[in-house]
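Here the structure is laid out as structure tokens; the discussion comes afterwards.
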Amino acid sequence: MGSQDNSSLQSIRYLRGSLQLLDQRKLPLDTIYLEIRDAAEGWEAIREMVVRGAPAIAIAAALSLAVEVSKLEGFSGTPDEAASFLKKKLEYLVSSRPTAVNLSDAATKLTEIVMNSAATATDANQVFQAYIGAAEVMLEDDVASNKAIGSFGSSFIQNQQKDFKKFSVLTHCNTGSLATAGYGTALGVIRSLYADGVLESAYCTETRPFNQGSRLTAFELVHDKIPATLIADSAAAALMKAGRVQAVIVGADRVAANGDTANKIGTYSLALCAKHHGVLFYVAAPLTSIDLSLSSGEEIVIEERSAKELLNTRGGLGEQVGASGIGVWNPAFDVTPAYLINGIITEKGVITKIGNEVFNIKGFVQKTMSN
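Mind the numbering: the sequence shown is residues 5 to 375 in this note's numbering, read in order.
So, in structure tokens, the structure goes:
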């Protein structure tokens, strides 16, 4: 089983018992895959940004444990002890990037599966095999989910842009094949718009300080031969004022019940600029990014990253350029309030506002679950 077809960029290469993650810190100049042999190496790869993007993080975590379990020898415990072993490993993996709700959601679902398996299993290996199978299904489902997001998003945005035969969009950070198991969320919508013949151009921000836009999104757009232009993060307002972009499409690491959305730092600024210039602003994310336990974005935990990412080039990996002794504040995410968002594109359709005022996200999720 592979994560996607060979013609696509692959952030995750998986066959049962083997997991390789594309080291995205080295892109676009070097394409290097790292072998991940257990949950500890998966945790490290996620924490150190070898793999990033909320959907890819969740799948990489799940598969790193699947690889460890597939090679586990000498486990003499009961089915319940096997389930407990897996539960603790999943809790450990969640601690690698706490803001990405997809990771905790995957861990919760996988824990439920192994607990149910333990209730009927006659030996520990049956529980381990149930876990491996469930992790592999998550890999397959992510690609299908992303393609559905792309399709729904393209149709919806075209309907909103009826005055334009072709139009341009701006995206932030990286939300494509490199951030998922394949195809992408916000970048998946851009791919679909291009395939439908309505995309004039895609603009991508550099996305400081880790440069996911200039290194990764630009890399994917060039790879797919989509007409695209890279801009500095601080150029977005000028781009909108010049009328060169008609929509902004971003991903999400967590969406609260009211529609407030946590995404890569700088997203909030783009949303404010879009509101001021009358540019439509969309979030594209799978339903697993929605956290109904949080009433608003005020409750979203924002991860803070190393000062080196700002003080040194290449997101902290290169030479120092910042002044020694300066204080640094480096939040990885910010929260965009729901009132700045025009629609949330999911694999089950687009969540729009009731009377153009508020999202009924809980109702949308419940409706999709009942269908």
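Idealized CB from N, CA, C, for every residue including glycine.
Everything numeric in this text was worked out from a predicted model, so none of it was measured.
Beta-carbon contacts of residue i that lie in its chain and below 7 Å, excluding the five residues immediately before and after
i: R29; result: M53, V54, L321
i: S205; result: S172, P231, A232, T233
i: L31; result: R219, L220, F223
i: A241; result: C277
i: R212; result: D237
Under 8 Å between C-beta atoms of residue i and residue j
i: A275; j: L344; result: yes
i: A342; j: D257; result: no
i: G186; j: V226; result: no
i: A68; j: E45; result: The sequence given here has Ser at residue 68, not Ala. In contact: S68 and E45 (Cβ atoms closer than 8 Å).
i: T221; j: N267; result: no
i: L298; j: A336; result: no
i: N106; j: S374; result: no
i: P83; j: A110; result: no
i: Y18; j: L143; result: yes
i: N316; j: V325; result: yes
i: I36; j: D27; result: yes
i: E85; j: A43; result: no
i: R20; j: I194; result: no
i: L296; j: E351; result: no
i: A70; j: I50; result: no
i: T1; j: A199; result: Coverage of the chain is limited to positions 5 through 375, which leaves residue 1 absent and any answer about it impossible.
i: N150; j: G188; result: yes
i: L76; j: L94; result: no
i: L23; j: S15; result: no
i: T340; j: Y272; result: yes
i: G353; j: F156; result: yes
Heavy atom of the ligand PLP within 7 Å of residue i beta-carbon
i: T82; result: Of ligands this structure carries none, so the ligand PLP is not represented either.
Sequence-distant residues of the same chain with beta carbon closer than 6 Å to residue i, five excluded per side
i: A183; result: G57, A60
i: I348; result: V287, I355
i: S80; result: none
i: G6; result: Low local confidence applies: a pLDDT of 44 at G6 is under 50, so the model's placement there is unreliable, with the coordinate-based value given in what follows. The answer is none, since no qualifying residue turns up.
i: E323; result: T317
i: N262; result: S300, A342
i: K170; result: V202, E204
i: A152; result: E351
Identified DSSP bridge partners for residue i
i: E39; result: Q24
i: Y18; result: L23
i: T350; result: G353
i: A232; result: A206
i: F363; result: K357
i: A251; result: V173, L284
Cβ neighbours of residue i in the same chain (closer than 8 Å, five flanking residues each side left out)
i: V332; result: A311, L314, L315, G326
i: Q8; result: Because Q8 carries a pLDDT of 43, less than 50, the predicted location of this residue cannot be relied on, and no value is offered for it.
i: N10; result: Because N10 sits at a pLDDT of 45, beneath the cut-off of 50, its placement in the model cannot be relied upon, and the following sentence gives the value as read from the coordinates. Here the set comprises nothing.
Exercise for the section: Counting only runs of 4+ residues fully inside the segment 253 to 340, write out the alpha helix (DSSP H) ranges in chain order. Expected result: For the alpha helix (DSSP H) assignment, the uninterrupted runs of no fewer than 4 residues enclosed by the segment 253 to 340 are, from N- to C-terminal side, 271 to 281, 312 to 315.
Problem - Start-end ranges of the beta strand (DSSP E) lying completely within the segment 107 to 187, minimum 3 residues - result: For the segment 107 to 187, whole beta strand (DSSP E) runs of length 3 or above, ordered along the chain, are 171 to 175.
Exercise for the section: Give a yes or no on contact between the segment 306 to 316 and the segment 226 to 244, applying the rule of three or more CB pairs nearer than 8 Å. Expected result: These segments do not touch.
Practice task
Tell me, please, whether the segment 240 to 255 touches the segment 160 to 172 by the rule of three or more beta-carbon pairs shorter than 8 Å.
Solution key: yes
Practice task
Pair every Cβ in the segment 214 to 229 with every Cβ in the segment 91 to 100, then say whether three or more of these pairs are closer than 8 Å.
Solution key: no
Practice task
Determine, using beta-carbon pairs with one atom in the segment 235 to 247 and one in the segment 208 to 221, whether at least three such pairs fall under 8 Å.
Solution key: yes
Problem - 3-residue-minimum beta strand (DSSP E) runs that sit fully inside the segment 195 to 223, ordered along the chain - result: For the segment 195 to 223, whole beta strand (DSSP E) runs of length 3 or above, ordered along the chain, are 203 to 209.
Exercise for the section: Evaluate contact between the segment 269 to 288 and the segment 359 to 374, counting only Cβ atoms and requiring at least three cross-stretch pairs below 8 Å. Expected result: no
Problem - Stretch pair the segment 111 to 118 + the segment 129 to 136: three plus CB contacts closer than 8 Å - result: Verdict: yes, contact present.
Problem - 4-residue-minimum alpha helix (DSSP H) runs that sit fully inside the segment 38 to 109, ordered along the chain - result: 43 to 51, 58 to 74, 83 to 98
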